[in-house]
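Note that the sequence shown covers residues -21 to -1, 1 to 177 in mature numbering (1 follows the signal peptide of the UniProt record, and there is no 0).
Notes follow the structure.
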Amino acid sequence: MRLLISTVLGCAVTIGSVVSAAAPGTPPAASTPALPRPVPAVSTAAAPVVVSVPAPRTAVRFGWPLDPTPAVARPFEAPAHAFGPGHRGVDLVGEVGQAVLAAGDGLVVYAGWMADRNLVSIEHAGGLRTTYEPVAPVVAVGDQVLRGQPIGHLEPGHPGCTAEPPGACLHWGARRRLDYLDPLRLLGFGRVRLLPWD
């Protein structure tokens, strides 16, 4: 909330300064030094104030967190209940050091070491959060990111990764509030099913 208030006030000061400096018909100051003018209060009813926080969208677009499009080493496996076994994300095959990309526009809410690995977590519109691990972050908490923007580099060591070195696996997770989701559904894929060859 403080960030939003300071951002709005900062915008109001900047807008007030630009408007007063560029007001048409204002003669240039004589030889007297300019005194700071008080900035008038900005009424939200008079004009909207633009802030740097992205507005919620009706349809947020997502993309793959690795480029080129990766193979799926292990699919999402929904747990039967909140604390049951399962795989709460997908493992994507990449290479150690490869750029990991934000799957969608959002706000970085975690970037750093947790338990035994580095990870990045991004909050998107509508209470959706995506998580990427193991990733050496190049972003920090509070950064606004855009879809496709690098957020870190893939590190080795994801448990159960079947990729041969220099390959590595990116664990990409998604949840809406407390419910884990299949991240591939963010890309428009339905439930993935493997069929027999015959």
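Beta carbons are placed, not taken as given, at the ideal position from N, Cα and C, and that holds for glycine.
Check                                                                                                                                                                     : Outcome
Taking Cβ to Cβ, would you say residue 126 is nearer than 8 angstroms to residue 41?                                                                                      : yes
With a threshold of 16 other CB atoms inside 10 Å of the CB of residue 162, please say whether the residue is buried or exposed.                                          : buried
What residue from 67, 98, 92 and 150 has the CA that sits closest to residue 130's CA?                                                                                    : 98
In angstroms with no decimal places, state the Cα-to-Cα distance between residue 159 and residue 89.                                                                      : 18 angstroms
Go ahead and label residue 150 buried or exposed: buried means 16 or more other beta carbons lie within 10 angstroms of its beta carbon, across all protein chains shown. : buried
Considering just the uninterrupted stretch of the beta strand (DSSP E) at residue 108, what are its terminal residues?                                                    : 107 to 112
Alpha carbon to alpha carbon, what distance is there between residue 136 and residue 67?                                                                                  : 17 angstroms
Is the stretch 102 to 116 in contact with the stretch 52 to 65, if contact means three or more CB pairs nearer than 8 angstroms?                                          : no
Taking DSSP as the reference, what is the three-state secondary structure of residue 61?                                                                                  : coil
Count the CB pairs spanning the stretch 73 to 83 and the stretch 51 to 60 that are closer than 8 angstroms, and state whether there are at least three.                   : no
Rank 79, 80, 86 and 113 by C-alpha distance to the C-alpha of residue 92 and give the top, closest one.                                                                   : 113
What would DSSP say about residue 164, mapped onto helix, strand or coil?                                                                                                 : helix
Just the C-alpha distance for residue 43 and residue 145, rounded to the nearest angstrom, thanks.                                                                        : 20 angstroms
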